[in-house]
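Only one structure is covered here, and it is reproduced in the block below.
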């Protein structure tokens, strides 16, 4: 928990201000800024599968520590260099670092929590969001002095965390092989994961949910700024979106998850979460029917309140689904190659985020040009509904409880490795 909080604290201390540094302090063109940021995202999303594979092969702790150390180097270099090749290398290193430790952290947590995985992942999301809340606040103070200072402090945070994890984190046993079973080759390991049909179906059913969740970074801020018409109101409004979303998660996640476990169960909670993600775009959809005021409190309310309601519904949907989503991946993995399953899942969902952003951005531009501002919100709502229907079908078909062998073993009281 402290690991993930500190990872997000250090990351969001720096990353929200990187684009401003590249375009402002270094005077880079917009396409160059996009290239640097894109390399970081690609190196992380594209390598998740490999990072998960390595974690299952060599244990979770070595990959967690390796990723943290690599991010120390990447963040330090970002603050010390100003040439494009060096910035690209540093950006790639920070992304690869995330690909190394992210699947390992989640697999370690799933292994250590045992039967309390759902509760553990609920609390994990609280720490995760707390890091996102505090990181930018510290970062804006440091960046006010210099971006180099921000980079070096963020690198120092990861360096301290690396030392603490190296010294204090117990080594995890390799869960890749059952007792008496030889460790499979990497290709055999990948074939096992890729051949897990229920897992792949679940991944595809969830892919749209990540595109929807990411709209708190894309469509909603753009809508606030579009309606507000001035940068000051837009900046305040966007800040409110992130603050409200993070605070809602910190305050409500564990209570909501406990209620869902008692009253709903995993499948219905997932479906309810996805439905809430789809419904999150109804407030901005309804707002498109209202005339835009000339100014004053009415304009502020129209610019900020519908996206704020949307952000809160997105937070609710994530709170409902996330702990059960993470637990379902472990169940579908049958407790074997858990980090590899997480890695492939993250890669698939990363593709969904990329495609979702491209399509949403294009839809927003096209809708405004055509005078149909409601269209993107209708499409996003439909995506949420489609995801909910797909997961409901998997739940009713009995495909969310893990592979048949894992269910048989559990029914017979046989413990699975890992």
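Numbering (my numbering), first residue to last: 815 to 1232.
Yeah, the Cβ is synthetic: ideal placement off N, Cα and C, and Gly gets one too.
inquiry  = Here's the rule I'm using: 16 or more other beta-carbon atoms within 10 Å means buried, otherwise exposed. How should residue 857 be labelled?
reply    = buried
inquiry  = Using only the alpha-carbon positions, how far apart do residue 1130 and residue 1035 sit?
reply    = 18 angstroms
query = Roughly how many angstroms lie between the CA atoms of residue 1013 and residue 869, to the nearest whole one?
reply = 19 angstroms
ask   = What's the gap between the Cα of residue 928 and the Cα of residue 1134?
value = If I take the Cα positions, the gap works out to 20 angstroms.
message = Quick check: residue 867 and residue 1154, are their CB atoms within less than 7 angstroms of each other?
response = yes
key: Nonlocal neighbours in the same chain, by C-beta distance under 7 angstroms from residue 1044, ignoring five residues either side   = none
ask   = Whose C-alpha, out of 1194, 861, 889 and 925, is nearest the C-alpha of residue 1032?
value = 1194
ask   = What residues in its chain sit with their C-beta under 6 angstroms from that of residue 1191, if we drop five residues either side in the sequence?
value = 1095, 1098 and 1099
key: the region 1177-1187 touching the region 1047-1067, judged by at least three CB pairs closer than 8 angstroms   = No, because fewer than three Cβ pairs between the region 1177-1187 and the region 1047-1067 fall closer than 8 angstroms, the two stretches do not touch.
query = Going by C-alpha distance, which of 894, 865, 1105 and 1147 is nearest residue 1008?
reply = For residue 1008, the closest alpha carbon among the candidates 894, 865, 1105 and 1147 is that of 1147.
ask   = Given a threshold of 16 other Cβ atoms within 10 Å of its Cβ, counted over all protein chains shown, does residue 1124 qualify as buried or as exposed?
value = By the 10 Å Cβ count, residue 1124 comes out buried.
inquiry  = Quick check on the burial criterion: 16 or more other C-beta atoms within 10 angstroms. Buried or exposed for residue 920?
reply    = buried
message = Please state the DSSP three-state secondary structure of residue 1031.
response = coil
Helix, strand or coil at residue 897 according to DSSP, with G and I counted as helix = Correct three-state label for residue 897: coil.
ask   = What is the rounded straight-line gap between the Cα of residue 784 and the Cα of residue 1073?
value = Residue numbering for the chain in the displayed model covers 815 to 1232; residue 784 lies beyond these limits and cannot be assessed.
query = What residue does the alpha helix (DSSP H) around residue 1155 start on, and which one ends it?
reply = Here the alpha helix (DSSP H) through residue 1155 covers 1152-1184.
key: Integer Cβ distance of residue 1091 from residue 1027, believed to fall under 8 angstroms   = 7 angstroms
query = Does DSSP classify residue 992 as helix, strand or coil?
reply = Reliability of the predicted coordinates at residue 992 is poor, the pLDDT of 44 falling under 50, and no value is obtained from them.
query = Residue range of the alpha helix (DSSP H) that residue 1108 falls in?
reply = Where residue 1108 is concerned, there is no enclosing alpha helix (DSSP H), because DSSP gives it neither an H nor an E.
Contacting residues, own chain, Cβ-Cβ under 6 angstroms from residue 966 (five flanking each side not counted) = Annotation for residue 966: 893 place their beta carbon closer than 6 angstroms to its own, counting only its chain and skipping 5 residues before and after.
key: Burial state of residue 979, where buried means 16 or more other Cβ atoms lie within 10 Å   = Answer is buried; the Cβ neighbour count reaches 16.
ask   = Which value, in whole angstroms, describes the spacing of the CA atoms of residue 1138 and residue 1197?
value = Cα to Cα, residue 1138 sits roughly 20 angstroms from residue 1197.
ask   = Do you know whose CA, among 1164, 832 and 1039, lies nearest residue 956's CA?
value = 832
task = Might you give, ordered along the chain, the residues of its own chain that have their beta carbon closer than 6 angstroms to the beta carbon of residue 1023, omitting 5 neighbours on each side?
result = The answer, listed in chain order, is 1088, 1091 and 1201.
ask   = At a cut of 8 angstroms, does the region 966-976 reach the region 888-904 through at least three beta carbon pairs?
value = yes
ask   = Exposed or buried, what is residue 838 when buried is set at 16 or more other beta-carbons lying within 10 Å of its beta-carbon?
value = exposed
query = Secondary structure at residue 1213, three-state DSSP: helix, strand or coil?
reply = The answer is coil: DSSP assigns residue 1213 none of H, G, I, E or B.
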